[in-house]
Structure formats: structure tokens, C-alpha cells
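4 protein chains.
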Amino acid sequence: MCRFLCYKGPQILLADLLYRPQHSLILQSFKARERTEPLNGDGFGVGWYATNISPTPCVFTSLTPAWSNQNLRRLSEHVESSCFFAHVRAASPGMRVGEENCHPFQHHRFLWMHNGTIEGFWQIRRRLRASLPDQLYDAIQGTTDSEHAFAVFLQLLGDTERVCSAKEMGQALVLTIAQLERWTAETGSSAPSYFNFAVTDGQSIAAVRYVSNPALEPASLYYSVAGKHANERTVVIASERLNEDSTDWIRVAPNHVVTITQELTVNIELMDVVRLGSKMSPP
Amino acid sequence: MCRFLCYKGPQILLADLLYRPQHSLILQSFKARERTEPLNGDGFGVGWYATNISPTPCVFTSLTPAWSNQNLRRLSEHVESSCFFAHVRAASPGMRVGEENCHPFQHHRFLWMHNGTIEGFWQIRRRLRASLPDQLYDAIQGTTDSEHAFAVFLQLLGDTERVCSAKEMGQALVLTIAQLERWTAETGSSAPSYFNFAVTDGQSIAAVRYVSNPALEPASLYYSVAGKHANERTVVIASERLNEDSTDWIRVAPNHVVTITQELTVNIELMDVVRLGSKMSPP
Amino acid sequence: MCRFLCYKGPQILLADLLYRPQHSLILQSFKARERTEPLNGDGFGVGWYATNISPTPCVFTSLTPAWSNQNLRRLSEHVESSCFFAHVRAASPGMRVGEENCHPFQHHRFLWMHNGTIEGFWQIRRRLRASLPDQLYDAIQGTTDSEHAFAVFLQLLGDTERVCSAKEMGQALVLTIAQLERWTAETGSSAPSYFNFAVTDGQSIAAVRYVSNPALEPASLYYSVAGKHANERTVVIASERLNEDSTDWIRVAPNHVVTITQELTVNIELMDVVRLGSKMSPP
Amino acid sequence: MCRFLCYKGPQILLADLLYRPQHSLILQSFKARERTEPLNGDGFGVGWYATNISPTPCVFTSLTPAWSNQNLRRLSEHVESSCFFAHVRAASPGMRVGEENCHPFQHHRFLWMHNGTIEGFWQIRRRLRASLPDQLYDAIQGTTDSEHAFAVFLQLLGDTERVCSAKEMGQALVLTIAQLERWTAETGSSAPSYFNFAVTDGQSIAAVRYVSNPALEPASLYYSVAGKHANERTVVIASERLNEDSTDWIRVAPNHVVTITQELTVNIELMDVVRLGSKMSPP
Chain F
443 MCRFLCYKGP QILLADLLYR PQHSLILQSF KARERTEPLN GDGFGVGWYA TNISPTPCVF
503 TSLTPAWSNQ NLRRLSEHVE SSCFFAHVRA ASPGMRVGEE NCHPFQHHRF LWMHNGTIEG
563 FWQIRRRLRA SLPDQLYDAI QGTTDSEHAF AVFLQLLGDT ERVCSAKEMG QALVLTIAQL
623 ERWTAETGSS APSYFNFAVT DGQSIAAVRY VSNPALEPAS LYYSVAGKHA NERTVVIASE
683 RLNEDSTDWI RVAPNHVVTI TQELTVNIEL MDVVRLGSKM SPP
Chain E
443 MCRFLCYKGP QILLADLLYR PQHSLILQSF KARERTEPLN GDGFGVGWYA TNISPTPCVF
503 TSLTPAWSNQ NLRRLSEHVE SSCFFAHVRA ASPGMRVGEE NCHPFQHHRF LWMHNGTIEG
563 FWQIRRRLRA SLPDQLYDAI QGTTDSEHAF AVFLQLLGDT ERVCSAKEMG QALVLTIAQL
623 ERWTAETGSS APSYFNFAVT DGQSIAAVRY VSNPALEPAS LYYSVAGKHA NERTVVIASE
683 RLNEDSTDWI RVAPNHVVTI TQELTVNIEL MDVVRLGSKM SPP
Chain B
443 MCRFLCYKGP QILLADLLYR PQHSLILQSF KARERTEPLN GDGFGVGWYA TNISPTPCVF
503 TSLTPAWSNQ NLRRLSEHVE SSCFFAHVRA ASPGMRVGEE NCHPFQHHRF LWMHNGTIEG
563 FWQIRRRLRA SLPDQLYDAI QGTTDSEHAF AVFLQLLGDT ERVCSAKEMG QALVLTIAQL
623 ERWTAETGSS APSYFNFAVT DGQSIAAVRY VSNPALEPAS LYYSVAGKHA NERTVVIASE
683 RLNEDSTDWI RVAPNHVVTI TQELTVNIEL MDVVRLGSKM SPP
Chain H
443 MCRFLCYKGP QILLADLLYR PQHSLILQSF KARERTEPLN GDGFGVGWYA TNISPTPCVF
503 TSLTPAWSNQ NLRRLSEHVE SSCFFAHVRA ASPGMRVGEE NCHPFQHHRF LWMHNGTIEG
563 FWQIRRRLRA SLPDQLYDAI QGTTDSEHAF AVFLQLLGDT ERVCSAKEMG QALVLTIAQL
623 ERWTAETGSS APSYFNFAVT DGQSIAAVRY VSNPALEPAS LYYSVAGKHA NERTVVIASE
683 RLNEDSTDWI RVAPNHVVTI TQELTVNIEL MDVVRLGSKM SPP
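Protein chains in written order, with our numbering: chain F, 443 to 725; chain E, 443 to 725; chain B, 443 to 725; chain H, 443 to 725.
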């Protein structure tokens, strides 16, 4: 269980979202409010796009806590971006704290974050890895369920070189969850998995709020849209509201996907259960 | 504000005190109960004596949090000692997180830990440093009030090569506080300073619980004595009780000094106000 | 390509071998003489046995260079052992520098170090991993060829809970190389692999010096025996001679296995080619 | 002794100077050619100006070696600047390796780097510190001679808020050296000090190549100017030539100051001996 944040809109200083809000992500690294445990001190990461320089994002991660990292503070005060992801980690029990396990994970143009736990991950890990093509298998550097889920997503998305739409990314998120659930089901486990994922290619963003047991509440997820006209619109997706009294924060309903298009249109859709139930070709 | 622990007694595994108690020091690194803020995640340190090998302690520190440090966990399961100190740090605002600022601080045979804050430290720092002999001035590696207080203590203790008694160390602790208070008073500041210090030379231990404003409660400090006979006695001094329901933990009264002699005799004494009030020769 | 050192004999201070020799392992971390590149600055590790405390070794690793690590220096001056391994790493291109990739690797009672490179490791990695039982598959934390080779060794050794002899460990080393060579051969690669491995269970030690192409010189490996009587005998195996003028250092001949028994008997044997050629059941 | 690099010119990707040249600064972190010891692996730092965002530079430092730092690699491929400093450190004996001791040091708009050693620094340190105003005294975070020299420079430069010219910065560099030499002389030491300093306020740059004993060769320093017209001119100052066969690299003569104005005019001047000999008001 971690906390994360996605931004798309006009170019802004990273610090404006990471440090300055009343309940900023950096504050959430030790005072998260919507988790039982307020601490997310097992490293952090931020990935931003400087589209005039490169289509791939710049990723900065560290295994030290976000609240005391001077490099993060200085970068945040000097880097502007129109699309970035940030994540503060609470490592699952038994998972190493190390840079290789810090979110956001990157693959070519894509960034990926996860807040949650794949139940029984150790039971499905070999099967999951066996399903991957060499290129994605070899790209995995760490041991987290999150990074492995990213590899599944990338395979389901298909060719990662072409430009894809927010809708396609959202659909691939749903397929990823379906695939992970199917593998977990085969283990006979009935414990719940928490899947709050966020992904971007620097143009569009998709995120999902989901828990496998419908009787449970998924991990918290909100979004906020500001600006009337598309060219001044800013969209933030975040695990927790960045300020308390704002009426601007909308809670993402359970089992819904949020997508932000290149043109900053925001869509919220119930996850496609047909897809979830559909058969995928077994690996 | 931090949390710390001192042990003297028969040789035991570090893990037996650092990890295994219900409310262990490692747990206190993120779930301290007797501070407003439960988090002590700005690095840690442990110093132990292997008296058959060396009169100086072995110090292991890290700027990463204690709860996730695999080296600490492995060392704790493989190192035994009859005298050791351990500390989990919550850096004061503006103080760097780095190994140079991790407790316990070491000088020759001595270890030093602090839980608290010297009010107005930045106002008195130059004066404090000017009072030190070159050897102690040059030994300071970091920027904390704690390490500077250690240098004052060592100067007041005098020749640090000779063996000194628990009582002498306790008296030097009181003199150190008196000196720091006098300098602070000169700045006109009336904000309170918190001085929970612990010091050892590997033979004896002295610790103090003190706040400069008598109307306030000092930071928490407890001790526990087990074993009827001196040769099987174990003494622990700790910021928080390591187990909840124990009747063994005794709260150190405000403004009292705890000393543990080489023979494991424990004394609790009210701080000597005459000393506190006495004039020291100005540096 | 890295540098390593194994010690077995009477209890000694780690620093006596790591720091004090004229051409110590710590010096080799930046001034190795028998590699083209003198630098081994990509982290380090030391693992030692405190047999009165635990049958498993204590491992201390860091991703920072050995030459400047203050924790290593202090530990080395305060820890004694009668059996320890130490390693300074030069990461192969493309391999992450991180604690998860630092040698010695540990599994239960065993420590493992590697100096060399498995040619075409990325081509055989999936096949190698597929051959492992879950317990060994899941134990792999990093991405190095070295740690993967360790898992192959452990599988070939069989039950890792029982006590095994130096001879058995030496044989399992040869089988491990044979297995790795067979997989590499299947990839069609003809580039040479370098396999200087060392392994211990805390009682016995086995090490091997091998390069797959007999026309080439394997990475350097030496051993040194001191003390006439078994009860005062000390044996060191090291990538480089720790002092220059000593006549005590014997170069391990190519394709030979060195074993040190519990009783400190040293054997040097040519690798068993029959075993190397024998068929293993394909995974 | 370290290696450093200064850039001023049109906006370029940091990687174009840090990684891509044949003999790049990153290569110099382990294969420096113009030092007896090729290794500069005790941490690194880079500071760049994003003048549209802030007049203060963004500094990124790490105590790990530059050659393996993935954050540095990624930042360098995604950050462009028209003025930046970079430094790879070889810690002087006894100096801690830690972020607080990494160059470039920053104070408000200024960046500072040093390649060399102030002889007898420990003898003059207290005197040096005593001469500083509180603001500069308190700003010192580490223990290096380099950072202390920076504080002396800032004091000699005077008001650090106003815009100052390259010439003024060059003069203050000379005054700084004169002051340090005077203090050193008082200690009776005759061992040589090496003072290759570089400083910038983001607009202008000044650097100096100096050794206190004229019979000796100062540490190496070069500069290179490309582009005929001022608006396309690029200037690099570097400890070593970034490519071997270039005829573009000019060795800075001993005891000379290089200045680069806001308009990218490069001046080389012999250090003003009158200034060096002149009396400064004693602190």
C-alpha cells in the first residue's frame, strides 16, 4: 500500500503539487490519512516528461524516504512538466526496499505506478513470468508484484512503440486485472487483491480503482479537474485529496477507470465486466 | 526528538532487545507511543562493546530507516554484547539526514545519545565551539546539537583516557546541561530545551531526563532492572517501555540522573541544583 | 570481474585480512593488479560465521565502494571469525549496482561468491530459472549471473540442511559449471565464460578457477596455508596475493578445485572431466 | 584532488558533455589521465541553471560513484541548460564521503567547485571559521576545505544578492587564495596548496589554476571555446580535455584566472600578485 499522484495540464513546477499543498504527497509519505498505516517511507520516485527533449520520461528514484530527500526537494523546485507521476512507497512485508523496487516503473515511453497488493503474488509469479516475451521478461529489474503487473500490461497493450489512446490504455488496465485475477483464482486463494494502477505514455493517462472482493472498499483514489477551457485545464489523480476543504476532489467509484486524453478530456467508466470475465488465451 | 535504548548486563543478542520485544526500538522507529509524532525514520545507529576485542565500541549507523535495514537485522541476529546503545532518529527541522548526524556518537571509548532539542542551538553554536579544545573541536563531524553537547560533556569530564565512574559521568552530564542552559540564557531565549542524554564508556552508564522549563514534562525515559544477583542482573534504559504490561518499567522522574555502575548497581538521583546554579568559568 | 577472499583458521579480526595486508582486499577495491581494470568499486560484501551464536553467517553488504565505507572499517576492527568471505564488486555492463546484487550471496548456512562472467547469461537465464524448484527460484533477489549460478549449485548439492563435506561442495561446483556450460553451448555462443566460484557452509570451503576456453587464462586465484599443526593452521584463498614478496602464495592451476575441510586439510584437484561431460537430466 | 567541468553557452543536454565525449567527466570518475590516481569515486554532483524557472541552480549530488548512478544518467539525458557545473570527487584522506561534502556547493545563486587541497587546512580551520559572519558560518554543512574556501570567497565578494561581473568574481577568487595562503603561512607550513577553483552565479563564470609553490605544476585545467559568433559560442572549462585529438583545448597557464562574461567573452589573466601580497584586514 502506497500513495501516488498523476498530473496532466499546463507546465507546472513539480513542487507545486509535491510539496506545497496542505496535504501534499510528501506529507503523505509519513502522514497519509486514508490508510490504516500513515507511513510510506520505503523510498519514492518521480517521473516527468520534458517533451521538447525526449519522448521518454526522466525518472528519479531513491530508497530513502521522500520527506528528507534534498535532491527531490531541489529537483521539485527546478523542474517543470506538463505530465508527471510521483509515488511514495510502503513496501509489502518481505519485499526489499531498494531503488529497483521504486515506482514509477519505466519502459520506453511508459510510466507505471501501483498502490495495492496482488494477493498470492508469490504463487502466480512463475506463471506470470513464463507468459512474458523475452523483452519484457528481461526488463524486470526488481521483485515487486507491481513491476510484474506492468509487464503483463505492456504485453496486453501490444506494440508499445505506436501511439495509443487513453481508452486503449484503460482497456489494457482492465485486461491486466482480469489476467491477474484469473491466475490468482487458479491458486485457490480467496484473499482480496488491491489494484489501484496508473499508467501514462506521456500523452494520455489511465488509472483504475479496484479491489477483487466487491464487499470491500478499494484503496482510496480521487481526481480533480480545474480550468474551464481545455487549453488551461489541469487534471490531478491522487490517492488522497491534496487539500482538505476542497469541493474539487471527486472520489473515483469502486471498479472504475479514469482516463485523461491528450486533449485533457476526463472520462470515468465502470470496468467492463465482460472483458473481466472473458477468456484470455492462456500463456 | 528521537528514541533510544541502553543495555548493560550479561551478554545478549542485540535482536533480543532491538527486534523481539512487543514494543521494540525498531517498532518505535515508526510507531513510537510517547511522542506526538510516532516517526523516527531519519536514520539510526547502534554501538556495542566487544570487550575481549577492543575497549572502543563498534558503531554501525545508516541514514536509511531502521525498520527496513537488512544489515541491521542481520547484525542484530549475530552480534552479542554485554553493553550497547541503540538510537532511532527523528531529525529536528533543518538538520540534515546523513550518517554524520546519526547517534550514537563515538569518541574513543565513549558513546553518546540524545533525545531532545537544545533550544536556540544556532544562537549558541559559535560560542559553544569556541569553548572547545582543538581535539574536541576537530572531532565534530556533523551539525547536530547532540554531537556538540557531547563535545561539551567530554571537555567537562576531563581526561577521557582514564577510567571514570558512573557517578563522575552523571555529574558531568549535569554540568553539561548547566553549561548549555547558561549559554542559552545569554541569548534571552525562554523556549524550553529537552535534554535526555545517555553516555557510556563501556563500563558504566549515565543517563538524564530533563527539561529546562519545570512546568513542562521532559521527554519520556524508563529503566528496568531484572535479575536478583548482581552477576545475572540486566539493566535497560529506554525512551519507551519495551513491553506494555510489564510492571518492571520504572519511569525516571523529571530532572533525575540514572547511573549504572560497572557492578550493575543502579542509582537514581535528583540533579544537583547547586551544580546547575554554580558558576563555570566562561570559555 | 571482481576480487574476493576466503578465510578459515583460528579466530582473527576481519581487519587483519581486509585492511592490514600490503595488498589488502580493500586496496584491491581500487588498485587490483591482476585485472586489466583495477577498479572494483560497485559495492562490496562480507559474510562471517559466529558459530557460538548461529550456524548461519552474518552478511553485511553495501552498494557504496569498500574503500570509503566507515561501517565496514569499524566492523572489521571489532568482529572476529574463524571463517569468513569478503568480496569487492565490479559490476558487469548492464548489471545494476545495488545491495541485492552484492556478494557474498547467502542461503541458509551457505555463502557464495563469484569472480567472472557467464557468457550469454541473458540467453540462458529463463532456461536456468525454469530448472529451479520454487524455493530456490523465489530466493533469488537480484539479477546477477552469480546469484543465479548459486541457485543452480544449491539444487545440484541437494538437501542444503544436512552437513556436507568439502569434497561434495567441490563436486557440486564442477557440476554447476558443467550445467551452465551445457546451457550456454545450446545458445551457440562460443565466447568464453569465467567461473571463479567460492562456497562455504561455515565448516568447509570449496573454490574453483576455470575458464571455458582452455586457450585462455582463467581469472587469477591463489591460496596460502600457514601454521604447521592443524589446530593453528590458517588458510586463505584470494583473487590476488595479499602481500607481494611472500613465497607462501600458490597460484591455483587452471581448471582446478581447491577444498578446505573442517579439519583444515587443503586439497587441490583437477576438475573431473567425466563429470563435466556427463549428461544431466535436462530441466 | 578531483575532476570538474563548467559549461556556458547555448542550451545543451547535460549528457552531451557528461557522458558522450570520448574522455567524458563520467569516464574521468574512474579513468582520469592527468592525476597520479585515476579514481574519483567518492561521490559527485551537478548543478545547473534553469533561468526561466529560478535564478538559483538545481543541485543533484550523491555519495555513490558517478559511473553507476542511474539517476544521474537519466537526469543527464533529460535536462538541458545553458550554464552548469559538474564534479567527480576524490576525497582527501580523512575527509568523510557524504552528500554534505559533495561539490558543487551552493549558496543562493552561486555554485562552487574545487579541485585540490588546502595544505594545513586543519591548522587554519578555526581561524577561518572565526572570520566568517554568522550567515556564512551557519551555511557550512560539511567538513571539506573546499566548502570553507567557498565561505571565504563569498565574504570577500561582499553582497551576494547583487549581480556581479566575471571580473569581480575572478578578483574575489584571487583574494580568497591570498587570504588562505596568509593563514597557512602563519602556521609555518611550507607544503604546497593546490587551488583550482570554479565559481558561477549562473551568469558569469570564473576559474583559477594555482599552486602555492611556483616550482610545482598546478593541477591540470583546460578551456575550450567553440562558435564564431557570440550568440552561438560555447565555452567549456574542464580539469581534463574531453577529447584527445582536439586542437581546441587550451591549457590554462599556472596562476592564471579564466573568466567567462555574461556575453560569453573569455579572458585569461595572470593572477594579480599585488592583490596576493596586499594586506587584508585580519578577521
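Glycine is no exception: its CB is placed at the ideal position from the N, C-alpha and C atoms.
Assign H671 (chain E) to buried or exposed, taking buried as 16 or more other Cβ atoms, counted over all protein chains shown, within 10 Å of its Cβ.
To locate residue 671 (chain E), count along the second sequence from 1; it is residue 229. Burial state of H671 (chain E) is exposed, judged by a 10 Å Cβ sphere holding fewer than 16 other Cβ atoms.
Excluding sequence positions up to five away, which residues of its chain have a Cβ less than 7 Å from the Cβ of K609 (chain F)?
Start at 1 with the first residue of the first sequence, and residue 609 (chain F) comes out as number 167. Hits under 7 Å: T701.
Pop quiz: C546 (chain F) and M537 (chain F) are said to be a contact at Cβ under 8 Å. What is the actual Cβ separation, rounded to whole angstroms?
Sequence index remark: in the first sequence, residue 546 (chain F) carries index 104 (1-based). Sequence index remark: in the first sequence, residue 537 (chain F) carries index 95 (1-based). For clarity, residue 546 (chain F) is Pro in the given sequence; the question names Cys instead. Wrong, their Cβ atoms sit about 16 Å apart, outside the cutoff.
Going along chain E, which residues have a C-beta under 7 Å from A492 (chain B)?
Here residue 492 (chain B) refers to the residue found at position 50 of the third sequence. Residues of chain E with a Cβ closer than 7 Å to the Cβ of A492 (chain B) are, in chain order, H520.
Excluding sequence positions up to five away, which residues of its chain have a Cβ less than 8 Å from the Cβ of N398 (chain B)?
No statement about residue 398 (chain B) is possible, as the shown extent of chain B runs from 443 to 725 and does not include it.
Coarse secondary structure for E705 (chain B), derived from DSSP in three states:
In the third sequence, counting from the first residue as 1, residue 705 (chain B) sits at position 263. Of the three classes helix, strand and coil, the one that applies to E705 (chain B) here is coil, per DSSP.
Range of the contiguous beta strand (DSSP E) that encloses H550 (chain E)
In the second sequence, counting from the first residue as 1, residue 550 (chain E) sits at position 108. Run containing H550 (chain E): none; DSSP gives neither H nor E here.
CB-CB under 7 Å to N685 (chain E), same chain, minus the five flanking residues each way: which ones, in chain order?
The count along the second sequence starts at 1 and reaches residue 685 (chain E) at position 243. Cβ neighbours of N685 (chain E) beyond the five flanking positions: P463, Q464 and H465.
Determine the direct distance from the alpha carbon of A591 (chain F) to that of T559 (chain F), and round the result to whole angstroms.
Within the first sequence, residue 559 (chain F) is the residue found at index 117, counting from 1. Within the first sequence, residue 591 (chain F) is the residue found at index 149, counting from 1. Each residue's Cα considered, the two are about 10 Å apart.
Proximity to Y491 (chain F) [Cα-Cα], best of H:S496, H:R516 and H:L469:
Here residue 491 (chain F) corresponds to residue number 49 of the first sequence, with the count starting at 1. If we check each option's Cα against that of Y491 (chain F), H:R516 comes out closest.
Using DSSP's beta-bridge definition, name the partner residues of S510 (chain F).
Here residue 510 (chain F) refers to the residue found at position 68 when the first sequence is read from its first residue. In DSSP, S510 (chain F) forms no bridge with anything.
Own chain, CB closer than 6 Å to G540 (chain B), minus 5 neighbours either side, in chain order:
Here the question's residue 540 (chain B) lines up with position 98 in the third sequence. In chain order, L505 place their CB closer than 6 Å to the CB of G540 (chain B), counting only its own chain and leaving out the 5 sequence neighbours on each side.
Interface residues of the region 498 to 519 of chain F facing chain H [CB-CB below 9 Å]:
Of all residues in the region 498 to 519 of chain F, those with a C-beta nearer than 9 Å to a C-beta of chain H are T498, P499, C500, V501, F502, T503, S504, Q512, N513, R516, L517 and E519, reading in chain order.
Under 9 Å by beta carbon: chain H residues contacting G489 (chain E)
To locate residue 489 (chain E), count along the second sequence from 1; it is residue 47. Going along chain H, no residue has its Cβ under 9 Å from G489 (chain E), so there is no contact; the nearest lies around 18 Å.
Nearest to V785 (chain B) (by Cα), restricted to the options B:I582, B:I679, B:V653 and B:W564
For chain B, the structure presents residues 443 to 725; residue 785 (chain B) sits outside this window and is missing.
Check each candidate in E:H549, E:P656, E:N482 and E:A572 and name the one with the smallest Cα separation from E727 (chain E).
The structure shown does not extend to residue 727 (chain E), since chain E is modelled only from 443 to 725, so the question has no answer here.
8 Å is my cut-off, CB to CB: does S496 (chain F) come that close to chain H?
Reading the first sequence from its first residue, position 54 is the one you call residue 496 (chain F). So, interface residue.
A457 (chain E): first and last residue of the uninterrupted alpha helix (DSSP H) it sits in
Stepping through the second sequence from its first residue, residue 457 (chain E) is reached at position 15. Counting along the chain, A457 (chain E) sits inside the alpha helix (DSSP H) bounded by residues L456 to L460.
Considering only the alpha carbon of each residue, which of E:L570, E:D601 and E:P575 lies closest to T629 (chain E)?
As a working note, residue 629 (chain E) is residue 187 in the second sequence. Proximity to T629 (chain E) across E:L570, E:D601 and E:P575 peaks at E:L570, based on C-alpha coordinates.
Helix, strand or coil for S607 (chain B), going by three-state DSSP, please let me know.
Taking the first residue of the third sequence as 1, we reach residue 607 (chain B) at position 165. Three-state result, S607 (chain B): coil.
Pick helix, strand or coil for G558 (chain B), following the three-state DSSP scheme.
In the third sequence, residue 558 (chain B) corresponds to position 116, counting from 1. Assigned with DSSP and collapsed to three states, G558 (chain B) falls in strand.
In terms of residues, what are the limits of the alpha helix (DSSP H) holding Y579 (chain B)?
As a working note, residue 579 (chain B) is residue 137 in the third sequence. Y579 (chain B) -> alpha helix (DSSP H) spans D576 to A581.
Do you know how far the Cα of E522 (chain B) is from the Cα of N494 (chain E)?
On the second sequence, position 52 is the one that residue 494 (chain E) refers to. On the third sequence, position 80 is the one that residue 522 (chain B) refers to. Each residue's Cα considered, the two are about 10 Å apart.
Would you mind stating whether E561 (chain E) and T626 (chain E) have Cβ atoms separated by less than 8 Å?
Counted from its first residue, the second sequence places residue 561 (chain E) at position 119. Counted from its first residue, the second sequence places residue 626 (chain E) at position 184. Yes, the Cβ-Cβ distance between E561 (chain E) and T626 (chain E) is below 8 Å.
On the DSSP letters alone, give me the boundaries of the beta strand (DSSP E) that R568 (chain F) sits inside.
The sequence position of residue 568 (chain F) within the first sequence is 126, counting from 1. Residue range F563 to A572 is occupied by the alpha helix (DSSP H) that includes R568 (chain F), with no beta strand (DSSP E) assigned at that position.
Write down the C-beta distance between L658 (chain B) and V694 (chain B) rounded to the nearest angstrom, noting that I regard them as a contact closer than 8 Å.
Your numbering for residue 658 (chain B) matches position 216 in the third sequence. Your numbering for residue 694 (chain B) matches position 252 in the third sequence. Contact flag wrong, Cβ pair sits at about 15 Å.
Between the alpha carbons of V501 (chain H) and M713 (chain F), how many angstroms are there, rounded?
Numbered from its first residue, the fourth sequence carries residue 501 (chain H) at position 59. Numbered from its first residue, the first sequence carries residue 713 (chain F) at position 271. Going by the C-alpha atoms only, they are around 44 Å apart.
Does M443 (chain F) pass the burial test, meaning 16 or more other C-beta atoms within 10 Å, or should it be called exposed?
Within the first sequence, numbered from 1, the residue matching residue 443 (chain F) stands at position 1. M443 (chain F) comes out buried.
Note down, in chain order, all residues in the region 661 to 691 of chain B with a beta-carbon under 7 Å from any beta-carbon belonging to chain F.
Taking 7 Å as the Cβ-Cβ cut-off against chain F, none of the residues of the region 661 to 691 of chain B qualify.
Count the other CB atoms within 10 Å of the CB of E385 (chain F); is the residue buried (16 or more) or exposed (fewer)?
Absent from the structure is residue 385 (chain F), since the part of chain F shown begins at 443 and ends at 725.
Determine the chain B residues that contact E541 (chain F) at a beta-carbon separation under 7 Å, and present them in chain order.
Here residue 541 (chain F) corresponds to residue number 99 of the first sequence, with the count starting at 1. G540, listed in chain order.
Q577 (chain B) versus chain F: which residues are under 9 Å apart at the beta carbon?
Position 135 of the third sequence, counted from the start, is the residue given in the question as residue 577 (chain B). In chain order: nothing, as chain F lies at least about 11 Å away.
Rounded to whole angstroms, what's the CA-CA distance from T498 (chain H) to L578 (chain H)? Just pull it up for me.
Walking along the fourth sequence from the start, residue 498 (chain H) turns up at place 56. Walking along the fourth sequence from the start, residue 578 (chain H) turns up at place 136. A straight-line Cα-Cα distance of about 17 Å links T498 (chain H) and L578 (chain H).
Residue burial classification, D580 (chain F) (beta-carbon count within 10 angstroms, cutoff 16)
Looking up residue 580 (chain F) in the first sequence gives position 138. So D580 (chain F) counts as exposed.
Distance between A533 (chain E) and T676 (chain H) (C-alpha atoms, nearest Å)
Stepping through the fourth sequence from its first residue, residue 676 (chain H) is reached at position 234. Stepping through the second sequence from its first residue, residue 533 (chain E) is reached at position 91. So the alpha carbons of these two residues sit roughly 43 Å apart.
Would you decide whether H529 (chain H) is buried or exposed? Buried here means 16 or more other CB atoms lie within 10 Å of its CB.
Taking the fourth sequence and counting its residues from 1, one reaches residue 529 (chain H) at position 87. The residue is buried, with at least 16 neighbouring Cβ atoms inside 10 Å.
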